[in-house]
């Protein structure tokens, strides 16, 4: 689903008033099978700029129609809910001049008038790039059909199981080429990932080997083992990474869904940052660099506390019951709108910074302001955390870059342990900031040469 690159400002908050939604655990499969319904009234009221986004379904609404996941469970029940779309399909024409209106709150130093047009063009370019690469409705529906086929094959093996779509395919940050991450849940208890999960995935591998549409399978015994599945025929362009009972993936997918649609600017920024990191060869944990998940958390953190007026709050602090780490994954429901921002909250939601300013500010923050040696990133708290605090809670995974996983509190960037790679990463942030401030050109940003430090280092974790 392409993203709505609409007007700047606080109107990007989609969930706190008239929310776009997803679905509770349920969907197609077993006793949870049913369809979501829409209410008949207008689901696209004008925002506070008087702009009415074109009608189209969000990824979360597609889940409403097609099922959040397949589950064979007596607890899979759903209610009829109202859903609203605030992002449009790429077939609609957009008024980009409205999308990038100039603001009066400078990000760092006051912006010279001669730079305003270039900032507008940069914001235009970010929107256009995002809409070219964002996952389409057609692709998401294809993935959901494949998920259902796999569920119907596996459910006879496991009397009570759920097959959840997790990761970028569902959390709002997917593109047309994203793999589909699936989580097979057979128990509400944790599995030993080194033994039990591996054995479970071997059973799945054997069961799927008889499926005509399965072309290739590979069991990868990482920290969280996955079964990588490639297909033929109608699904030949979809790769599935299947894990077993990794419930934290379901919880952080649920959380990121709400962040993705809280403010529309987050999704285009994440798309650009991920592509930049990929081209710079710093988006591969197996080569001592960032995971895509870590990059998303870095962008959210910057929008929480890296600028004078936050774009995003800490949703876990603002809505602790909804995003509690103790919540039953079967009850997670992305169709319900967030409550109104509590009156005692410091978050005002009135940041109107352009995409161009935010992208430049992101690279400035990590190149010039953020102190990797002293601080840890905590999206959970919406602020930096001192490394001594991390040491007190007993986390043993903190290395050069500290990015707290919002539920387990572990370090999502623990793979960045090599000093030379860390130095190369910091240099890339500095180079990116310099290129954008000099040229305001994302093509030059995305033409940066990859670093080659890690390619010659043995024994990367």
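Numbering (UniProt numbering), first residue to last: 1 to 461. C-beta atoms are modelled at their ideal positions from N, C-alpha and C, and glycine is treated no differently. Small disclaimer: the values here were computed from a predicted structure and weren't measured.
In the DSSP annotation of this structure, the continuous segment of the beta strand (DSSP E) that includes residue 378 starts and ends at 375-378. In the DSSP assignment, residue 153 falls within the unbroken alpha helix (DSSP H) covering 137-154. By the Cβ test, the stretch 304-322 is in contact with the stretch 338-355, since at least three Cβ pairs between them sit closer than 8 Å. Note on the stretch 205-230: whole beta strand (DSSP E) runs with a minimum of 3 residues are 214-220, in chain order. Within its own chain, the residues whose Cβ lies closer than 6 Å to the Cβ of residue 273, once the five positions on either side in sequence are excluded, are 295 and 299, listed in chain order. For residue 183, the uninterrupted beta strand (DSSP E) segment begins and ends at 180-185. Just so you know, the alpha carbons of residue 442 and residue 254 end up roughly 30 Å apart. The continuous stretches of beta strand (DSSP E) do not include residue 302, which lies in the alpha helix (DSSP H) extending over residues 292-305. Of the residues 121, 447, 183 and 450, the one whose Cα lies closest to the Cα of residue 170 is 183. In this structure, residue 258 sits near residue 338, with a CB-CB distance shorter than 8 Å. If the five residues before and after residue 356 are omitted, its C-beta is found closer than 6 Å to the C-beta atoms of 119, 122 and 123, all from its own chain and listed in chain order.
Listed in chain order, the non-local C-beta contacts of residue 317 below 7 Å within the same chain comprise 381 and 382, local neighbours out to five positions each way being set aside. Beta bridge pairing from DSSP links residue 241 with 181 and 228.
With contact defined as three or more Cβ pairs closer than 8 Å, the stretch 125-135 and the stretch 262-278 are in contact. Linking residue 432 to residue 180 through their CA atoms gives a straight-line distance of about 30 Å.
Distances from the CA of residue 153 to each of 437, 212 and 177 were compared; the closest alpha carbon is that of 212. By the CB criterion at 8 Å, residue 402 and residue 420 fall outside the cutoff. When rounded, the separation of the alpha-carbon atoms in residue 185 and residue 134 is 28 Å.
Residue 280 counts as buried, since no fewer than 16 other beta carbons sit within 10 angstroms of its beta carbon.
Rounded to the nearest whole angstrom, the C-alpha separation of residue 222 and residue 125 is 38 Å. Residue pairing of residue 386 in beta bridges, as defined by DSSP: 375. Closest in C-alpha terms to residue 137, from the list 343, 175, 234 and 197, comes 175. Less than 8 Å divides the Cβ of residue 288 from the Cβ of residue 418. In this structure, the CA atom of residue 429 is about 16 Å from the CA atom of residue 373. Residue state for residue 174 is assigned as coil, using DSSP reduced to three classes.
Per the coordinates, the alpha-carbon of residue 267 lies some 39 Å from the alpha-carbon of residue 210. For the 8 Å CB-CB criterion, residue 191 and residue 252 do not form a contact.
Residue 229 is positioned such that its CB atom lies no closer than 8 Å to that of residue 200. Looking only at 323, 167, 333 and 325, the smallest Cα-Cα distance to residue 249 is reached by 167. In the structure shown, residue 421 falls within a helical segment according to DSSP collapsed to helix, strand and coil.
One Cα belongs to residue 343, the other to residue 449, and the distance between them is close to 48 Å.
At a Cβ-Cβ threshold of 8 Å, residue 412 and residue 291 count as neighbours. Look at residue 129 here: in three-state DSSP terms it is helix. The beta carbons of residue 163 and residue 238 sit about 15 Å from each other, so the pair does not count as a contact at 8 Å. Collapsing the DSSP output to three states places residue 269 in a helix.
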